[in-house]
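Novice: Protein chains in written order, with this note's numbering: chain A, 102 to 485; chain B, 102 to 485.
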């Protein structure tokens with residue numbers, strides 16, 4: 102199997118943007134091509150990770166619009182949707198396009214434009230990914246998160262404050278990320294006293310609604326040096342589903358898709374959790390950071406919160422998590438998020454993360470679709 | 102590069118169905134698994150070709166729903182959208198998943214549920230794939246087709262009747278397809294006198310709005326015989342874009358994406374147009390059958406209509422086209438159509454096409470997204 106390298110990466114400012122998804126995709130796409138010094142018409146494949154441009158904007162066919170905007174014709178285009186993990190799914194798809202020999206140069210651009218819709222409207226579009234029985238009863242992802250958080254805190258005798266420490270850490274990391282939606286520290290008192298959204302989770306336990314885009318350029322590792330010396334290699338990538346009906350899971354604090362995709366990605370990369378130097382986890386809700394830390398083997402079941410208490414996941418800890426600020430402070434434009442996670446890990450393992458830089462040869466990104474309904478995990482190694 | 106085989110294929114009844122897309126996908130998916138004698142939990146990857154379940158039904162995340170319905174967990178899932186060529190794009194994606202080594206068994210299911218919406222609503226959803234400038238001015242795909250047909254007929258001095266002969270042929274073929282939406286012959290007078298939709302195109306020049314689903318099961322050729330003796334091999338598959346703004350094309354009667362994807366697929370398969378024994382072309386509008394015949398080298402520019410006049414594309418002609426009845430009589434459930442095209446070619450090259458069977462070792466399917474904005478072409482050979 103041909104190994105696949107990432108030779109370029111870029112992302113837009115995340116936040117409330119006065120631009121449609123098509124413009125955001127073009128902005129990140131152009132920046133990524135520039136990063137690698139290639140032109141649009143050098144591309145064989147152009148993939149777009151996007152969940153819902155039709156529902157949010159009434160526009161479909163955005164990959165073809167992007168091919169136009171990047172001058173990429175006749176590059177083959179397609180859209181990859183795996184709900185909130187569309188970016189991870191796109192990474193996997195772009196990897197497959199190169200690893201299969203179908204493409205020698207694939208640009209993946211993930212993006213979403215959401216802030217022109219109300220939070221209720223956006224939440225409803227996202228909730229349409231749940232099982233119809235859940236959707237009809239008004240269950241949304243935030244309500245699942247609240248129930249899971251309550252369960253976790255009780256099962257493992259963890260204090261509610263520990264969730265707030267995840268939010269505090271990720272907001273602190275976001276201060277050093279110029280692309281983040283929120284670049285301000287938030288103190289624990291503010292977090293813990295913020296309005297209840299889905300008890301025990303409060304406002305600061307949730308990621309925001311965000312516009313933004315991120316891009317990656319992939320090619321066979323064998324030709325990567327023709328483009329740049331600063332590339333990373335996708336040594337592991339995999340995806341897996343858990344039950345589509347959330348209440349059918351044996352243990353609500355275990356996300357089977359995280360466990361399974363993690364095991365497959367580790368096996369492919371020939372590494373284990375102890376080899377990971379930095380990780381981006383899908384902290385759409387603070388509680389998810391615990392579930393992914395445990396599902397990926399970074400902590401034993403019920404012990405992730407203790408690792409957070411002890412500062413192990415801080416930037417100067419044993420395993421820095423969400424150095425980018427995570428979805429929590431960086432923002433969560435659905436189709437962009439998984440791509441932006443890999444962007445951050447790429448920057449870290451090639452040593453280009455600026456003030457966020459940590460010691461990292463091997464990094465991991467975990468992108469959660471729905472409430473763990475489908476999850477992708479990607480392992481990168483720097484080529485240095 | 103590992104060659105990829107199709108070891109199972111199935112499709113639902115196309116037409117006006119009292120079932121949501123999720124149910125249609127499950128119906129075709131289960132039938133396809135049964136066709137190959139495998140279970141849902143044998144799958145590594147489960148891909149769904151679908152353009153617009155969110156827009157049509159307010160439901161997203163259908164690949165995860167399908168994983169539930171097929172008992173496929175923890176198989177990895179994703180949705181592939183390339184507008185009206187989502188099925189061809191899904192075929193390419195499923196091929197990549199196996200050829201890359203990521204999956205040893207991938208089920209692709211394409212489907213769409215449309216008939217609960219009015220024709221105007223469905224046409225509007227489809228038109229949202231056009232360039233925003235075109236969309237704002239009210240240009241829809243049928244209007245592009247009308248303008249292109251007028252141009253073609255004038256440029257090549259072809260009679261309007263020749264378009265009607267495409268419709269008559271495809272309706273005649275559909276009579277023998279138990280899955281087709283319309284199973285009745287239509288005489289030329291009825292076709293030519295039907296109401297004008299986009300002059301010179303009339304009602305019978307257009308495919309219908311359709312509900313339906315189709316599925317393919319793919320694995321490495323090296324293990325295909327463990328499942329069945331009746332398999333086909335994907336010897337060529339490729340995709341390419343043309344300009345997203347239709348009026349920017351140098352020649353409105355040439356679809357660049359057809360030409361480019363065809364050339365790439367031929368090269369990969371090591372064949373040329375003369376080697377193709379049977380083809381499924383994307384006759385969303387009758388005029389498109391001419392453009393694809395010429396773009397794929399089955400006829401010289403301006404001469405496809407003469408081949409139709411001479412009966413060469415009839416079931417007993419030199420190159421039978423749309424033995425399934427085509428989109429014209431079989432129907433066009435967007436995400437399903439490209440998969441159903443490959444289904445028909447698969448059935449033909451393994452000799453299982455029943456009353457529609459023609460002499461065929463090598464077949465081709467061409468799936469057109471938008472108005473040729475992105476096109477995929479697939480070449481299959483029978484393993485017999």
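Note that the Cβ used here is the ideal one computed from N, Cα and C, for glycine as well.
(1) Taking only the alpha-carbon atoms, compute the straight-line gap between residue 417/B and residue 234/B and give it to the nearest angstrom.
(2) Which residues, in chain order, does the segment 152 to 170 of chain B contribute to contact with chain A at a C-beta distance below 8 Å?
(3) Secondary structure at residue 284/B, three-state DSSP: helix, strand or coil?
(4) Select from the segment 181 to 192 of chain B all residues with a C-beta closer than 7 Å to any C-beta belonging to chain A, and list them in chain order.
(5) Does the beta carbon of residue 353/B sit closer than 8 Å to a beta carbon anywhere in chain A?
(6) Is there a Cβ from chain B that is less than 8 Å from the Cβ of residue 229/A?
(7) What ranges does the beta strand (DSSP E) occupy inside the segment 420 to 477 of chain B, keeping only unbroken runs of at least 3 residues that lie completely in it?
(8) Please identify the residue among 230/B, 404/B, 380/B whose C-alpha is closest to the C-alpha of residue 391/B.
(9) Going by C-alpha to C-alpha distance, which of 379/B, 425/B, 340/B, 207/B sits closest to residue 456/B?
(10) Hey, residue 345/B and residue 474/B: beta-carbon distance below 8 Å or not?
(11) Looking only at its chain, what residues have a beta carbon closer than 6 Å to the beta carbon of residue 152/A, apart from the 5 residues adjacent to it on each side?
(12) Would residue 289/B be called buried (16 or more neighbouring beta carbons within 10 Å of its own) or exposed?
(13) Hey, is residue 449/A's beta-carbon within less than 8 Å of any beta-carbon in chain E?
(14) So which residues of chain A does residue 340/B contact, with C-beta pairs closer than 7 Å?
(15) Check for me: the beta strand (DSSP E) holding residue 550/B runs from which residue to which?
(16) List the DSSP bridge partners of residue 400/A.
(17) Anything in chain B within Cβ reach of residue 320/A, meaning under 7 Å, just list it in chain order.
(18) Output yes if chain B places a C-beta closer than 8 Å to the C-beta of residue 220/A; else output no.
(19) Can you give, in chain order, each stretch of the alpha helix (DSSP H) that sits fully within the segment 121 to 155 of chain A and has at least 4 residues?
(20) Can you confirm whether residue 325/B, when its beta carbon is compared against all beta carbons of chain A, has any partner nearer than 8 Å?
(21) If you draw a straight line from the C-alpha of residue 377/B to the C-alpha of residue 106/B, how long is it?
(22) In chain order, what are the residue ranges of uninterrupted beta strand (DSSP E) at least 3 long that sit wholly in the segment 191 to 240 of chain B?
(23) In the DSSP assignment, what are the bridge partners of residue 320/B?
(24) Determine whether the Cβ of residue 232/B lies closer than 8 Å to any Cβ atom of chain A.
(25) What residue range is occupied by the uninterrupted alpha helix (DSSP H) comprising residue 265/B?
(26) Rounded to the nearest angstrom, what separates residue 486/B and residue 158/B at their Cα positions?
(27) Is residue 481/A closer than 8 Å to residue 450/A when the C-beta atoms are compared?
(28) Does any C-beta atom of chain A lie closer than 8 Å to the C-beta of residue 344/B?
(29) Just the Cα atoms here: how many angstroms apart are residue 325/B and residue 195/B?
(30) Just mark residue 296/A as buried or exposed, buried being the case when its beta carbon has 16 or more other beta carbons within 10 Å.
(31) Please give the ranges of any alpha helix (DSSP H) in the segment 325 to 374 of chain A, keeping only runs that are unbroken, at least 4 residues long and fully inside the region.
(32) Look up residue 253/B in the DSSP assignment and say whether it is helix, strand or coil.
(33) Along the chain, where does the alpha helix (DSSP H) that runs through residue 292/A open and close?
(34) Taking Cβ-Cβ distances below 7 Å as the criterion, which residues of the segment 199 to 214 of chain B are in contact with chain A?
(35) Below 8 Å between beta carbons: does that hold for residue 270/B and residue 415/B?
(36) Considering only the beta carbon of each residue, do residue 165/B and residue 241/A sit closer than 8 Å?
Specialist: In this structure, then:
(1) 44 Å
(2) 152, 153, 155, 156, 159, 160, 161, 162, 164, 165, 166, 168, 169
(3) coil
(4) 181, 182, 183, 184, 190
(5) no
(6) yes
(7) 463 to 470
(8) 404/B
(9) 425/B
(10) yes
(11) 182, 184, 187, 435, 436
(12) exposed
(13) Absent from the structure is chain E; the protein chains it does hold are A and B.
(14) 177
(15) Shown here, chain B extends from 102 to 485; a query on residue 550/B therefore has no answer.
(16) Beta-bridge pairing links residue 400/A to no other residue.
(17) Within chain B, no residue comes near residue 320/A; the closest Cβ sits about 14 Å away, beyond 7 Å.
(18) no
(19) 122 to 137
(20) no
(21) 18 Å
(22) 207 to 213
(23) 106/B
(24) yes
(25) 262 to 275
(26) As shown, chain B starts at 102 and ends at 485. That puts residue 486/B outside it, with no answer to give.
(27) yes
(28) yes
(29) 15 Å
(30) exposed
(31) 357 to 370
(32) helix
(33) 289 to 293
(34) 200, 201, 202, 203
(35) yes
(36) no
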